[in-house]
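A short write-up of the structure that comes next.
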Amino acid sequence: RGTVWVDGRLLRRLDVRGRSTDNSNGVKLLLNGHSLNDPFTGSALPVFDDRPIDDVKQIEIIRGPGSALYGANAFLAVVNIITRDDDGARAMARYDTDNSYLASGYLRGQQQGVNVSAHASRVTSGGPQAEIAADRLYGTSQRLASLAGGPEHPGQGDRSYDRTDVNLDAAWKWLAASVRYNKKRRGDFAGQDYYLTYDPEHPEASSNFRFAQLGAELSAKTPTVAEHLTLSARLFYDHITTNAGLRLTPLEFRLPMDLNGDGVDEYFPDGRRQRRLVRESVLGWEIQAVVASLGANRLIFGYVQEIHRLLRTAQWANFDPEVGAALDGGYQRARDFNEPSYAREIVAAYLEDIWEARENLRLTAGVRADHYNDFGAAVAPRAALVYRPFTGIYVKALYGHAFRAPTFDELFTRGNPDVIGNPTLAPEQLDSGELGVIVRARDLLGLGG
Numbered sequence: 021r022g023t024v025w026v027d028g029r030l031l032r033r034l035d036v037r038g039r040s041t042d043n044s045n046g047v048k049l050l051l052n053g054h055s056l057n058d059p060f061t062g063s064a065l066p067v068f069d070d071r072p073i074d075d076v077k078q079i080e081i082i083r084g085p086g087s088a089l090y091g092a093n094a095f096l097a098v099v100n101i102i103t104r105d106d107d108g109a110r111a112m113a114r115y116d117t118d119n120s121y122l123a124s125g126y127l128r129g130q131q132q133g134v135n136v137s138a139h140a141s142r143v144t145s146g147g148p149q150a151e152i153a154a155d156r157l158y159g160t161s162q163r164l165a166s167l168a169g170g171p172e173h174p175g176q177g178d179r180s181y182d183r184t185d186v187n188l189d190a191a192w193k194w195l196a197a198s199v200r201y202n203k204k205r206r207g208d209f210a211g212q213d214y215y216l217t218y219d220p221e222h223p224e225a226s227s228n229f230r231f232a233q234l235g236a237e238l239s240a241k242t243p244t245v246a247e248h249l250t251l252s253a254r255l256f257y258d259h260i261t262t263n264a265g266l267r268l269t270p271l272e273f274r275l276p277m278d279l280n281g282d283g284v285d286e287y288f289p290d291g292r293r294q295r296r297l298v299r300e301s302v303l304g305w306e307i308q309a310v311v312a313s314l315g316a317n318r319l320i321f322g323y324v325q326e327i328h329r330l331l332r333t334a335q336w337a338n339f340d341p342e343v344g345a346a347l348d349g350g351y352q353r354a355r356d357f358n359e360p361s362y363a364r365e366i367v368a369a370y371l372e373d374i375w376e377a378r379e380n381l382r383l384t385a386g387v388r389a390d391h392y393n394d395f396g397a398a399v400a401p402r403a404a405l406v407y408r409p410f411t412g413i414y415v416k417a418l419y420g421h422a423f424r425a426p427t428f429d430e431l432f433t434r435g436n437p438d439v440i441g442n443p444t445l446a447p448e449q450l451d452s453g454e455l456g457v458i459v460r461a462r463d464l465l466g467l468g469g
């Protein structure tokens with residue numbers, strides 16, 4: 021995991037094998053097998069980069085390309101968060117510096133054969149005192165407009181933060197259902213144009229980012245039938261909303277440039293400000309068959325259908341989003357910066373074979389074929405060999421091909437002359453090979469553990 025500042029914003033990233041993007045959309049993040057990546061950014065981090073871990077039982081990480089089983093965005097790795105399933109109840113409250121509060125509760129029990137669990141948490145924080153001695157305006161002719169007053173009177177960045185997480189799960193015999201709601205708000209350290217925007221006397225002028233995600237899943241899994249066959253099916257849905265209110269400059273801001281050719285510098289009596297709204301959904305279903313104990317083989321078959329919808333995109337601003345010129349009449353609805361609505365349909369099938377050829381030799385091979393209505397087909401094969409010549413020594417060879425589907429953001433966003441989507445983008449492709457020798461000293465020395 022890495023942390024980086026870009027345009028005054030704190031970005032948390034998952035770095036794998038030295039490769040990362042601002043949104044880490046090459047990593048597939050799952051919660052109990054349910055994908056958390058959203059179609060607009062291709063990432064799960066806008067909402068889940070700081071998810072509380074008090075209800076987490078374990079975290080599974082598959083390093084390397086995983087598109088052969090998990091499809092798009094399993095480009096560099098797959099991370100699966102598994103929540104607790106132990107019976108009982110507990111509650112926790114905590115206060116930290118920076119006016120940070122956390123309260124959470126967990127309850128799980130059984131009633132008339134139905135296992136029910138609930139988890140809820142609430143976090144609020146004023147954030148650390150982030151002082152900024154100089155911003156982009158400080159030291160220029162517009163120094164008086166800067167909220168940063170130098171080393172003796174530094175300005176402040178808005179690091180306030182709050183989030184709510186609620187998870188409900190129920191299971192009865194071979195049926196299971198889960199509902200998840202996550203809501204998050206955070207301030208902006210500094211304006212995206214390197215101007216300090218947080219004014220303690222006018223806190224409403226600060227930027228804020230709001231994210232909300234509602235997810236639900238209904239699944240069924242049969243007991244083993246026909247001696248070796250297990251069948252499962254699931255229906256899932258997610259609704260995601262991103263609402264960003266951006267203060268790009270301090271209040272009463274003058275830009276000494278003529279951007280629209282009227283011979284007058286651009287003037288913003290309320291500062292440059294903008295609001296962006298994105299709503300999207302994911303609806304899909306999957307069936308899977310696992311055939312075990314055919315000799316030393318374990319076969320996995322699966323079929324998936326998904327519909328990713330861009331339900332609504334809109335932006336409001338007091339400037340032209342492409343050239344930056346002030347708009348007559350101030351803050352108003354600007355033309356959509358994305359397609360107003362869009363639907364992506366995905367059909368996929370996959371097969372994987374795990375073969376225990378010998379007690380110390382395992383071979384795994386699989387392939388998945390996806391068809392997208394907007395860019396066509398993508399095929400992702402994968403093969404791996406793990407050989408243990410001696411206790412504690414493992415030889416591993418791996419090959420995998422993966423793809424990352426272009427996000428709605430990459431296809432359609434039009435923010436300014438530097439940010440223009442490309443609707444003809446094709447998937448990003450990755451071929452990865454790995455050869456290594458792993459030595460486990462405890463096993464080698466017969467210590468176990």
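Under my numbering, the sequence shown is numbered contiguously, ending at residue 469. Built from N, CA and C at the ideal position, the CB exists for glycine as well. Being a predicted model, the structure only gives us computed values, none of them experimental.
May I ask you to verify whether the stretch 252-262 touches the stretch 154-174, counting CB pairs closer than 8 angstroms and requiring at least 3? When Cβ pairs closer than 8 angstroms are counted between the two stretches, the stretch 252-262 is seen not to touch the stretch 154-174, the count staying below three.
Between the alpha carbons of Arg267 and Pro72, how many angstroms are there, rounded? Here residue 267 is taken as the residue at index 247 of the sequence shown, counted from 1. Here residue 72 is taken as the residue at index 52 of the sequence shown, counted from 1. Each residue's Cα considered, the two are about 29 angstroms apart.
In the DSSP assignment, find the unbroken beta strand (DSSP E) run with Pro66 in it and report its ends. Position 46 of the sequence shown holds residue 66. Bounds of any beta strand (DSSP E) do not take in Pro66; it lies within the alpha helix (DSSP H) bounded by Leu65 to Phe68.
On the CB-based measure, 16 or more other CB atoms within 10 Å of its CB, does Lys48 come out buried or exposed?
By one-based count along the sequence shown, residue 48 stands at place 28. That one is buried.
Does DSSP put Asp451 in a helix, in a strand, or in coil?
Numbered from its first residue, the sequence shown carries residue 451 at position 431. The three-state secondary structure of Asp451, taken from DSSP, is strand.
Inset, instruction - Taking Phe428 and Leu279 to be in contact with their CB atoms under 8 angstroms, please state how far apart those CB atoms are, rounded to whole angstroms. - result: Your numbering for residue 428 matches position 408 in the sequence shown. Your numbering for residue 279 matches position 259 in the sequence shown. So it is not a contact: roughly 28 angstroms between Cβ atoms.
Contact between the stretch 268-288 and the stretch 162-169 (3+ Cβ pairs under 8 angstroms)
Three or more beta-carbon pairs drawn from the stretch 268-288 and the stretch 162-169 are found closer than 8 angstroms, and the two stretches are therefore classed as touching.
Buried or exposed for Gly46, going by 16 or more other Cβ atoms inside 10 Å? For the purposes of this step, residue 46 is identified with residue 26 of the sequence shown, where counting begins at 1. Gly46 counts as buried, since no fewer than 16 other beta carbons sit within 10 angstroms of its beta carbon.
>> In whole angstroms, give me the CA-to-CA distance for Val186 and Val199.
In response: Taking the first residue of the sequence shown as position 1, residue 186 is located at position 166. Taking the first residue of the sequence shown as position 1, residue 199 is located at position 179. Each residue's Cα considered, the two are about 8 angstroms apart.
Exposed or buried, Val57, counting other C-beta atoms within 10 Å across all chains shown (16 or more means buried)?
Translated into the one-based positions of the sequence shown, residue 57 becomes position 37. Per the sequence presented here, residue 57 reads as Asn, with Val not at that position. Residue environment: Asn57 is assigned as buried (16 or more neighbouring CB atoms within 10 Å of its CB, all protein chains considered).
(Q) Closest to Pro341 by C-alpha separation, out of Gly169, Pro243, Arg434 and Tyr201, would be which residue? (A) Counting from one through the sequence shown, the residue named residue 341 turns up at place 321. Considering only alpha carbons, the answer is Arg434.
For Trp488, tell me which candidate among Thr242, Leu157 and Ile101 has the shortest Cα-Cα distance.
With the chain covering only 21 through 469, there is no way to say anything about residue 488.
### Message
Beta-carbon within less than 6 angstroms of Phe229's beta-carbon, same chain only, minus the 5 sequence neighbours each way: which residues are those?
### Response
To locate residue 229, count along the sequence shown from 1; it is residue 209. Listed in chain order, the non-local C-beta contacts of Phe229 below 6 angstroms within the same chain comprise Arg206 and Ala264, local neighbours out to five positions each way being set aside.
**Asked** Since Ser145 contacts Asp178 with CB under 8 angstroms, what's their CB separation in whole angstroms?
**Response** Here the question's residue 145 lines up with position 125 in the sequence shown. Here the question's residue 178 lines up with position 158 in the sequence shown. About 12 angstroms separates the two Cβ atoms, so there is no contact after all.
message = Among the candidates Glu379, Gly291, Leu96 and Gly420, whose CA atom is the shortest distance from the CA of Ala337?
response = Mapped onto the sequence shown, residue 337 falls at position 317. Ranking Glu379, Gly291, Leu96 and Gly420 by Cα distance to Ala337 puts Gly291 first.
Helix, strand or coil: how does DSSP classify Pro223 here?
Locating residue 223 in the sequence shown gives position 203, where the first residue counts as 1. Helix at Pro223.
Subject >> Nearest residue (CA-CA) to Arg142, options Phe68, Glu379, Arg353 and Ser124 >> reply: Stepping through the sequence shown from its first residue, residue 142 is reached at position 122. Taking the Cα of Arg142 as reference, the smallest distance to any Cα among Phe68, Glu379, Arg353 and Ser124 is reached at Ser124.
Query raised in the report: What do you reckon, are the CB atoms on Ala225 and Glu286 nearer than 7 angstroms?
Result: What you label residue 225 is simply residue 205 of the sequence shown in a count that begins at 1. What you label residue 286 is simply residue 266 of the sequence shown in a count that begins at 1. With respect to the 7 angstroms criterion, Ala225 and Glu286 are not classified as neighbours on the basis of their beta carbons.
- Specify the secondary structure class of Leu50 as computed by DSSP and reduced to three states. Counting from one through the sequence shown, the residue named residue 50 turns up at place 30. Correct three-state label for Leu50: strand.
Do the stretch 346-355 and the stretch 376-392 meet, that is, are 3 or more Cβ pairs less than 8 angstroms apart?
-> Look at the beta carbons and you see the stretch 346-355 not touching the stretch 376-392: under three pairs across the two are nearer than 8 angstroms.
Please state the DSSP three-state secondary structure of Phe229.
Position 209 of the sequence shown, counting from 1, holds the residue named residue 229. Phe229 falls in the strand class under three-state DSSP.
Glu306 versus Ile81, Leu89 and Arg37, residue with shortest Cα-Cα distance: Counting from one through the sequence shown, the residue named residue 306 turns up at place 286. When only C-alpha atoms are compared, the closest one is Leu89.
Check your understanding: Do the CB positions of Leu216 and Asp155 come within less than 7 angstroms of each other?
Key -> Counting from one through the sequence shown, the residue named residue 216 turns up at place 196. Counting from one through the sequence shown, the residue named residue 155 turns up at place 135. Yes, these two residues count as a Cβ contact at 7 angstroms.
### Among Phe209, Ile320, Arg332 and Ala140, nearest to Pro59 - alpha-carbon criterion
Residue numbering aside, residue 59 sits at position 39 when the sequence shown is read from its first letter. Closest option to Pro59, judged by alpha-carbon separation, among Phe209, Ile320, Arg332 and Ala140: Arg332.
Check your understanding: For Pro426, which residues from the same chain have a beta carbon less than 6 angstroms from its beta carbon, with the 5 sequence-adjacent residues on both sides left out?
Key -> Looking up residue 426 in the sequence shown gives position 406. Non-local beta-carbon contacts of Pro426 in its own chain, meaning distances under 6 angstroms to residues more than five positions away in sequence, involve Leu445 in chain order.
Original post:
How big is the Cα-Cα spacing for Val36 and Met112?
Top reply: The residue you call residue 36 lines up with position 16 of the sequence shown. The residue you call residue 112 lines up with position 92 of the sequence shown. Each residue's CA atom was taken as its position, placing Val36 and Met112 some 33 angstroms apart.
Practice problem: Could you tell me the distance, in whole angstroms, from the CA atom of Ile366 to the CA atom of Pro148? | Solution: The sequence position of residue 366 within the sequence shown is 346, counting from 1. The sequence position of residue 148 within the sequence shown is 128, counting from 1. Straight-line Cα distance between these residues: approximately 43 angstroms.
_Length of the line joining the Cα atoms of Ile81 and Leu297_ = Taking the first residue of the sequence shown as 1, we reach residue 81 at position 61. Taking the first residue of the sequence shown as 1, we reach residue 297 at position 277. Distance between the alpha carbons of Ile81 and Leu297 is about 33 angstroms.
Requested in this report: May I ask you to list the residues that DSSP assigns as paired with Met112?
Outcome: In the sequence shown, residue 112 corresponds to position 92, counting from 1. Per DSSP, Ser124.
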